[in-house]
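Data first, discussion second: the structure below is written as structure tokens.
2 protein chains.
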Amino acid sequence: MVRTLDELAELSGVSRATVSRVINGGPASEATRQRVLEVVERTGFRPNTAARTLAAGRGRSGVVGVVMHVEAQQLIRDPYFSGLLQGISEGISEGADGMMLWLGHRSKEETLDRILRIRTLDGVIATADHSDDPLVDGLLASSLPTVLIGHRRRDGSASYVDVDNVRAAEVVTDHLLRLGRRRIGHITGGSGTVAGADRLEGFRRAMRRAGRLADAVITDGDFSIAGGAAGASVLLADGVEAIFCANDASAAGALSAIHERGLRVPEDVAVAGYDDLEFAATLDPPLTTVRQFVVQQGEEAVATVLQLVDDPDAGPRRVILPTELVVRQSTVGRR
Amino acid sequence: MVRTLDELAELSGVSRATVSRVINGGPASEATRQRVLEVVERTGFRPNTAARTLAAGRGRSGVVGVVMHVEAQQLIRDPYFSGLLQGISEGISEGADGMMLWLGHRSKEETLDRILRIRTLDGVIATADHSDDPLVDGLLASSLPTVLIGHRRRDGSASYVDVDNVRAAEVVTDHLLRLGRRRIGHITGGSGTVAGADRLEGFRRAMRRAGRLADAVITDGDFSIAGGAAGASVLLADGVEAIFCANDASAAGALSAIHERGLRVPEDVAVAGYDDLEFAATLDPPLTTVRQFVVQQGEEAVATVLQLVDDPDAGPRRVILPTELVVRQSTVGRR
DNA sequence: CCTCGATTTGGAAGCGCTTCCAACATGTGC
DNA sequence: GCACATGTTGGAAGCGCTTCCAAATCGAGG
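For the record, the sequence lines run as chains A and B. Residues 1 to 335 (my numbering) are what the first sequence spells out, left to right. Residues 336 to 670 (my numbering) are what the second sequence spells out, left to right.
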């Protein structure tokens, strides 16, 4: 088996330098190119990645890092992450050779260290769902082309793929306003999360724009079913007639709290969520919510990081993916 | 910033060779070791992986390949794979620097090519759930230390981590036999899968050993809910009083088919599954099934591949992890 | 047929590391 | 104090590749 450029050079009767040029698309006469490529083809030669990166100093490795620093449980249970992973894997299979994956089994500092130590990475994709994240900070500060999935306000000069959480929350809130409900409540997302903060912001904006800020009631949630139930209790005591929950899980909690009090959805209280997870359509009643195209987010992230690698000087790239309000019976009533 | 061994050597007043030895745990006097390590610590030096693998010829890259060539949907829905991934990630975080992950978005041949091209892999872990798998064949034929999760009969000289599906199926079948049921049915797993074939084998063995082969009824399933329901219909028509399903999903299907006919579980028909997925305990009635420790399988796979890397000549390593019969009301009745 | 610029090619250096080998220091028993 | 085994060190080669540089080749124009 042919393992080195030298053997290849010997076989095709040219120098190693020439073979290298042919393989990397450098200057070479057409005749030489043909001859060498024929031998490459015939022998199934694979250049040594280590040698290549070492010699080139930089040089495409075809490997992208992926950092999803989340709890193990979350990865398994939350379709958001597995959807992302699926999209990324799909993107990688088209534009690169492979991905390195780091999940959250170490401290963020340690993970960062590991990532930066692997010098062969072309670029890295990281989920940025908390506003305080040394891992994301470290990646952005490094020389590694980095694309975030989601972003913090201060990541102004970073490249990222995201949905417009603020805008989507406005759309949901507008929808609730249009139902003619008086007081409207919002159960926020986990404290410290970017998505939670942005959805709250969108809720506020819509209420303000409608001149109904006085009718807005906000209570803290944490993206969980229990948090949603607790939040709903608070809001119901305040007499709300519609609730926008920061995600589907808390909406599920809210629904059960509402039912427990013998109230009807949506007649007494309208409820909307966010995420459009699979179970949203099977709740009672089916949940009005916001669909985000997670798999596509993963694919876009790969495309973006590869662009960044190709052209590192082109400045930050931002991709804002659309969302879709999915109206179901939890707001518009049964037919 | 200190980037090379030479700089480090200069700073600590020894030769590059000595620094290399210290870093890699080679022979060095305690005094020298201390001095060098102090400088390493202070400067945050990170050896260049590419140079290291190149020079060492083999040399630990700290990166393990992971191949789970499955449908995207399967990865998300089937807790088996995410559990495995979690265990592997955990193992990697302890014993290695990172993992490269390939999912099933390409043809197996292409994936194999990509993997072999990345020369920096220390070893690779691959799921081997189908008896016919060119990817697994290719990996085993390569010089890359390979550990399978699950194994085919013909992988006799391969290293693998597995559970004893045959034995576990025997235990389940024995359990059903001990209930005193007459005819006992088995709904098999997906055709071509190793686990399916092995569980069938275990079922057969137990029946034969009990001298009850004449009472064994076998029908084809495919690890799915629908397949389980269809299989149960066939078996019920044959008058079985107990059913061993090749996995929990088909057991769920079987249960609903049984209920549909107005039969009671376990009074009329006892049902057992395999996997002990989360939902097994919430079925009606709660399902007797076999628990396999999936996360642990992942961790063991990493440990095994790292051993293989450390000592490639030590011959194949096999780890057979235990399973546990979890008896619930679908076989022993309600209290 | 010669000259000159453009193109193609090979030689050689070097990327940062490991590891063989020989040189040297140290300690032991006599 | 000597010969020797043992432990520690530095020099140097080389892993497989890219790339600079200069030499060789090629055409076209004079």
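All C-beta atoms in this analysis are idealised placements derived from N, C-alpha and C, irrespective of residue type, glycine included.
- Non-local beta-carbon contacts of alanine 249/A in its own chain, meaning distances under 7 Å to residues more than five positions away in sequence, involve Phe223, Ser224, Ile225 and Gly228 in chain order.
- Per the DSSP secondary-structure output, arginine 291/A pairs in a beta bridge with Asp275/A and Glu324/A.
- Each of Arg16/A, Ser89/A, Asp268/A and Leu75/A was checked against the Cα of glutamine 296/A, and the nearest Cα belongs to Ser89/A.
- Contact annotation: the stretch 533-541 of chain B touches the stretch 496-508 of chain B, with at least three C-beta pairs closer than 8 Å.
- Shown here, threonine 339/B sits in coil according to DSSP, grouped into three states, outside any helix or strand.
- Between the C-alpha atoms of glutamate 595/B and arginine 547/B there is a straight-line separation of about 29 Å.
- For the pair glycine 439/B and valine 482/B, the CB atoms are not nearer than the 9 Å cut-off.
- In the DSSP assignment, leucine 436/B forms a beta bridge with Met99/A and Val401/B.
- When secondary structure is reduced to three states using DSSP, glycine 87/A falls in the helix class.
- Look at histidine 175/A here: in three-state DSSP terms it is helix.
- Cβ-Cβ separation between valine 471/B and methionine 434/B: approximately 18 Å, too far for a contact (criterion under 8 Å).
- Contact between the stretch 484-494 of chain B and the stretch 458-467 of chain B is present: three or more C-beta pairs spanning the two stretches fall below 8 Å.
- Within the DSSP bridge table, the entry for histidine 259/A names no partner.
- Shown here for asparagine 247/A: same chain residues with a beta carbon closer than 7 Å to its own, the five before and five after excluded, namely Gly189, Phe223, Gly273, Tyr274 and Asp275 in chain order.
- Contact between the stretch 351-358 of chain B and the stretch 310-325 of chain A is not established, with fewer than three Cβ pairs separated by less than 8 Å.
- Each residue's CA atom was taken as its position, placing glycine 397/B and proline 134/A some 23 Å apart.
- Cβ atoms of arginine 317/A and threonine 304/A come within 8 Å of each other, at about 5 Å.
- Of all residues in the stretch 592-621 of chain B, none places a beta-carbon less than 7 Å from a beta-carbon of chain A.
- Going by DSSP, isoleucine 453/B is part of no beta strand (DSSP E) at all; its letter is neither H nor E.
- Just so you know, the alpha carbons of serine 233/A and aspartate 174/A end up roughly 23 Å apart.
- The beta carbon of leucine 410/B sits closer than 9 Å to some beta carbon of chain A.
- Taking C-beta atoms as the reference points, threonine 193/A and serine 131/A count as a pair closer than 9 Å.
- The Cβ-Cβ distance between leucine 176/A and alanine 270/A falls below 9 Å.
- Under the Cβ distance rule, alanine 252/A does not count among the residues neighbouring chain B, no pair being separated by less than 9 Å.
- Between glycine 520/B and alanine 587/B, the gap from beta carbon to beta carbon reaches 9 Å or more.
- Residue contact check for glycine 515/B against chain A: no CB pair falls below 9 Å.
- Here glutamate 94/A is exposed. Its C-beta has fewer than 16 other C-beta atoms within 10 Å.
- Residue Glu324/A holds the alpha-carbon nearest to the alpha-carbon of leucine 277/A among Asp162/A, Met1/A and Glu324/A.
- Taking the Cα positions, isoleucine 320/A is about 5 Å away from valine 163/A.
- Around the beta-carbon of alanine 17/A, fewer than 16 other beta-carbon atoms lie within 10 Å, marking it exposed.
- Against chain B, the CB of serine 89/A has a partner CB under 9 Å away; the residue lies at that interface.
- Rounded to whole angstroms, the Cβ separation of glycine 574/B and glycine 566/B is 15 Å, and the two are not in contact under 8 Å.
- Shown here, glycine 196/A sits in a helix according to DSSP, grouped into three states.
- In this model, arginine 181/A and glutamate 267/A are separated by some 10 Å (Cα to Cα).
- One finds nothing in chain A with a Cβ atom closer than 8 Å to the Cβ of histidine 404/B; even the nearest lies about 11 Å away.
- With respect to the 9 Å criterion, aspartate 122/A and alanine 158/A are not classified as neighbours on the basis of their beta carbons.
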